[in-house]
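Chains as they are written, first to last, in this note's numbering: chain A, 38 to 246; chain B, 38 to 246.
Note that CB positions come from ideal geometry on N, CA and C, so glycine has one too.
2 protein chains.
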Amino acid sequence: MGFSIPEVSIRRLSIYLRCLRQALSRGEEWIQSTELARTCGISSSLVRKDLSYFGEFGIRGRGYRVEKLIKAIEEIIGIDEPIKVIIVGAGNLGRALIRHLQEIPYFRVVGAFDKNASKVGSTVSGVRVYPVAEMEKFSRETSPQIAVLAIPPEGLQETVDMVSRAGIRGVLSFALQGIKVPPGVVMNYVEIASEIEFLSYKIKKGSVA
Amino acid sequence: MGFSIPEVSIRRLSIYLRCLRQALSRGEEWIQSTELARTCGISSSLVRKDLSYFGEFGIRGRGYRVEKLIKAIEEIIGIDEPIKVIIVGAGNLGRALIRHLQEIPYFRVVGAFDKNASKVGSTVSGVRVYPVAEMEKFSRETSPQIAVLAIPPEGLQETVDMVSRAGIRGVLSFALQGIKVPPGVVMNYVEIASEIEFLSYKIKKGSVA
DNA sequence: TTGTTTAAGTTATAACTTTCACAAAAACCA
DNA sequence: TGGTTTTTGTGAAAGTTATAACTTAAACAA
Numbered sequence: 038m039g040f041s042i043p044e045v046s047i048r049r050l051s052i053y054l055r056c057l058r059q060a061l062s063r064g065e066e067w068i069q070s071t072e073l074a075r076t077c078g079i080s081s082s083l084v085r086k087d088l089s090y091f092g093e094f095g096i097r098g099r100g101y102r103v104e105k106l107i108k109a110i111e112e113i114i115g116i117d118e119p120i121k122v123i124i125v126g127a128g129n130l131g132r133a134l135i136r137h138l139q140e141i142p143y144f145r146v147v148g149a150f151d152k153n154a155s156k157v158g159s160t161v162s163g164v165r166v167y168p169v170a171e172m173e174k175f176s177r178e179t180s181p182q183i184a185v186l187a188i189p190p191e192g193l194q195e196t197v198d199m200v201s202r203a204g205i206r207g208v209l210s211f212a213l214q215g216i217k218v219p220p221g222v223v224m225n226y227v228e229i230a231s232e233i234e235f236l237s238y239k240i241k242k243g244s245v246a
Numbered sequence: 038m039g040f041s042i043p044e045v046s047i048r049r050l051s052i053y054l055r056c057l058r059q060a061l062s063r064g065e066e067w068i069q070s071t072e073l074a075r076t077c078g079i080s081s082s083l084v085r086k087d088l089s090y091f092g093e094f095g096i097r098g099r100g101y102r103v104e105k106l107i108k109a110i111e112e113i114i115g116i117d118e119p120i121k122v123i124i125v126g127a128g129n130l131g132r133a134l135i136r137h138l139q140e141i142p143y144f145r146v147v148g149a150f151d152k153n154a155s156k157v158g159s160t161v162s163g164v165r166v167y168p169v170a171e172m173e174k175f176s177r178e179t180s181p182q183i184a185v186l187a188i189p190p191e192g193l194q195e196t197v198d199m200v201s202r203a204g205i206r207g208v209l210s211f212a213l214q215g216i217k218v219p220p221g222v223v224m225n226y227v228e229i230a231s232e233i234e235f236l237s238y239k240i241k242k243g244s245v246a
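Below you can see the structure in the form of structure tokens.
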């Protein structure tokens with residue numbers, strides 16, 4: 038029983054969720070693993086295996102009830118209740134992220150933080166920018182679950198430590214930097230440059246072959 | 038010899054590159070696999086294995102010459118020459134991406150595109166916004182290698198097809214959508230919502246255990 | 001030289017992930 | 001009601017990736 042669910046399986050839940058929502062919006066009540074697999078670009082056995090890590094959601098001979106499966110996955114992921122997010126760094130990327138995330142119904146961007154006094158006090162999509170020094174106080178009052186860091190790599194360690202002290206346990210960073218992640222904190226990176234570099238390699242390799 | 042290099046290994050090259058650049062900026066001339074592994078949070082045997090897919094870059098008993106290894110990885114990835122990038126979608130995210138990528142020396146954001154006439158003609162960080170209809174003409178003249186799509190999922194298929202027709206073979210999308218990727222095109226997704234969802238699962242699970 | 005140390009490169013093993021193939025269960029039909 | 005069809009859920013096999021262990025080469029000191 039003491040086995041762990043592969044991280045890739047967890048990540049694929051998000052993909053399934055998107056495909057399922059689309060199916061729901063098309064008015065489909067039932068979906069089969071083969072159909073879900075096709076729309077997600079994944080094999081049907083993998084879809085079934087991934088879901089089996091979390092329980093039994095389908096009916097044999099019938100498929101999955103779209104609405105029920107969406108609810109189930111949302112609960113597994115933990116987005117059945119809106120997730121409170123803060124943005125650290127109110128530069129170009131930070132402000133774009135605020136607007137972007139505010140449009141997603143199950144996220145609430147509850148605040149933004151910047152060390153630059155000129156940005157503090159401004160509002161982006163109804164989200165107020167606070168000085169970083171107020172993060173701990175803010176966190177005690179509002180209890181955000183996740184911090185999205187849109188800051189340069191230089192200040193990353195300091196910021197992660199601060200976020201951790203404020204009791205936030207999930208951190209998404211747009212700067213990739215080898216730092217010491219405080220215990221109890223889960224850190225995740227999205228480095229746009231790396232993604233483009235990966236593409237660069239692939240297209241370069243493709244043109245040679 | 039017809040084995041393929043794991044995608045994860047290619048992706049890790051970008052991580053190594055960042056750590057190596059840091060080491061270089063600290064004035065370090067040589068680096069060992071153990072040290073590179075430590076700063077990247079990867080095991081040393083994996084570092085050596087990853088590099089071995091591409092050649093022999095080190096000296097036994099000594100380590101890797103930092104500068105030489107950086108050059109080697111840059112060439113493997115294909116960023117020894119600046120990469121020309123276009124941004125499609127000049128909304129909040131698109132404009133932030135222009136500014137973000139313009140700061141990276143080995144990327145050149147050569148143009149942006151938007152279907153909204155009100156955005157066409159404007160300039161962001163010295164990058165001009167063109168109407169999407171001009172993409173093919175622009176591409177013939179400028180030959181960008183990669184398109185970054187900061188557009189909503191609804192228009193994704195259409196845009197990918199257009200980008201493909203313009204001869205661009207690498208596409209990075211910020212919207213995740215099950216679409217048909219044209220032959221010869223390499224597509225890569227960065228879905229911020231999915232990354233936060235993954236964190237949500239992890240912190241939820243951590244707090245239960 | 002020659003022996004010793006160090007660390008890359010490589011092979012072998014272990015761990016993990018995906019696919020395959022089939023049993024079990026629900027639905028449907030005659 | 002019983003047989004047939006369908007599709008899930010799952011255990012085993014295959015394939016892939018990571019780690020550990022080992023071999024080789026370079027550097028250095030005596």
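Item: Helix, strand or coil for Ala257(B), going by three-state DSSP, please let me know.; Value: With chain B covering only 38 through 246, there is no way to say anything about residue 257(B).
Item: If we require 3 or more residues per run, which beta strand (DSSP E) segments fall completely within the region 192–240 of chain A?; Value: 207–210 and 223–226
Item: Can you tell me whether Ser51(B) is buried or exposed? The criterion is at least 16 other CB atoms within 10 Å of its CB, across all chains shown.; Value: buried
Item: Counting only runs that start and end within the region 116–168 of chain A, where is the beta strand (DSSP E) found for 3 or more residues in a row?; Value: 120–125, 144–151 and 164–168
Item: Within 8 angstroms, do at least three Cβ pairs link the region 167–177 of chain B to the region 109–118 of chain B?; Value: no
Item: Is it the case that the Cβ atoms of Ile229(A) and Leu193(A) are separated by a distance below 8 angstroms?; Value: no
Item: Going by DSSP, name the residue or residues bridged to Gly61(B).; Value: According to the sequence shown, residue 61(B) is Leu rather than Gly. DSSP lists no partner for Leu61(B).
Item: Run through the DSSP bridge pairs and tell me what Val45(B) is partnered with.; Value: DSSP lists no partner for Val45(B).
Item: Buried or exposed for Arg55(A), please, with buried defined as at least 16 other CB atoms from any protein chain shown within 10 angstroms of its CB.; Value: buried
Item: If contacts are defined as beta-carbon pairs under 8 angstroms, then Val125(A) and Ala184(A) qualify, I think. What distance do you get, rounded to the angstrom?; Value: 6 angstroms
Item: Can you tell which of Asp87(A), Glu118(A), Ser162(A) and Thr160(A) has its C-alpha closest to the C-alpha of Tyr53(A)?; Value: Asp87(A)
Item: By the three-class DSSP mapping on this structure, what secondary structure does Gly78(B) have?; Value: coil
Item: Just to confirm my understanding: we take Asp117(B), look at its own chain, exclude 5 residues before and 5 after, and list those with CB closer than 6 angstroms. What are they?; Value: Glu111
Item: Would you grab the beta carbon distance between Asn225(A) and Phe235(B) for me? Rounded to a whole angstrom, and I think it's under 8 angstroms.; Value: 6 angstroms
Item: Are Phe150(A) and Val169(A) close, meaning C-beta to C-beta below 8 angstroms?; Value: yes
Item: To the nearest whole angstrom, what separates the beta carbons of Arg206(A) and Gly243(B), a pair I think is in contact under 8 angstroms?; Value: 7 angstroms
Item: Can you grab the Cα-Cα spacing for the pair Glu72(A) / Leu106(A), in whole Å?; Value: 14 angstroms
Item: Go ahead and label Ile68(B) buried or exposed: buried means 16 or more other beta carbons lie within 10 angstroms of its beta carbon, across all protein chains shown.; Value: buried
Item: So is Ala133(A) in contact with chain B if we call contact Cβ pairs under 8 angstroms?; Value: yes
Item: Between which two residues does the alpha helix (DSSP H) carrying Arg102(A) extend?; Value: Per DSSP, Arg102(A) belongs to no alpha helix (DSSP H); it is in the beta strand (DSSP E), Gly100 to Arg102.
Item: Look at Gly115(A) and Lys156(B) and say whether their C-beta atoms are less than 8 angstroms apart.; Value: no
Item: From Ala246(A) to Phe40(B), what does the alpha carbon distance come to, in whole angstroms?; Value: Residue placement at Ala246(A) is poorly supported in this model, since its pLDDT is 49, which falls under 50; the coordinates are not used for a value here.
Item: Once DSSP output is grouped into helix, strand and coil, what is the label at Gly92(A)?; Value: coil
Item: At a Cβ threshold of 8 angstroms, is Ala154(A) touching chain B?; Value: no
Item: At which residues does the beta strand (DSSP E) containing Ala184(A) begin and terminate?; Value: Ile183 to Leu186
Item: Are Ile47(B) and Tyr238(A) touching if we call contact CB-CB under 8 angstroms?; Value: yes
Item: Ignore the nearest five residues each way along the sequence and tell me which others in Asp158(B)'s own chain have a CB closer than 8 angstroms to its CB.; Value: Checking the displayed sequence, the identity of residue 158(B) turns out to be Gly instead of Asp. Taken in chain order, the residues that qualify are Arg165 and Val166.
Item: Using a 10 Å radius around the Cβ and a threshold of 16 neighbouring Cβ atoms, would you call Gly64(B) buried or exposed?; Value: exposed
Item: With a threshold of 8 angstroms between beta-carbons, can Thr76(B) be considered close to chain A, or not?; Value: yes
Item: Can a CB atom of chain B be found closer than 8 angstroms to the CB of Leu186(A)?; Value: no
Item: Apply the 10 Å Cβ neighbour rule to Val227(B) and answer buried if 16 or more other Cβ atoms are within range, or exposed otherwise.; Value: buried
Item: Pick out whichever of Ser70(B), Pro181(B) and Leu134(B) has its Cα sitting closest to the Cα of Val147(B).; Value: Pro181(B)
Item: Spell out the partners DSSP gives Ile114(A) in its beta bridges.; Value: None, per the DSSP bridge assignment.
Item: Check the Cβ-Cβ distances between Lys86(B) and every residue of chain A, and say whether any is below 8 angstroms.; Value: no
Item: Quick one: residues in its chain with C-beta nearer than 8 angstroms to the C-beta of Ser231(B), no 5 flanking neighbours on either side, listed in chain order?; Value: Leu213
Item: Between which residues of its own chain and Tyr90(A) is the CB-CB distance below 7 angstroms, once the five residues before and five after are set aside?; Value: Ile42 and Ser46
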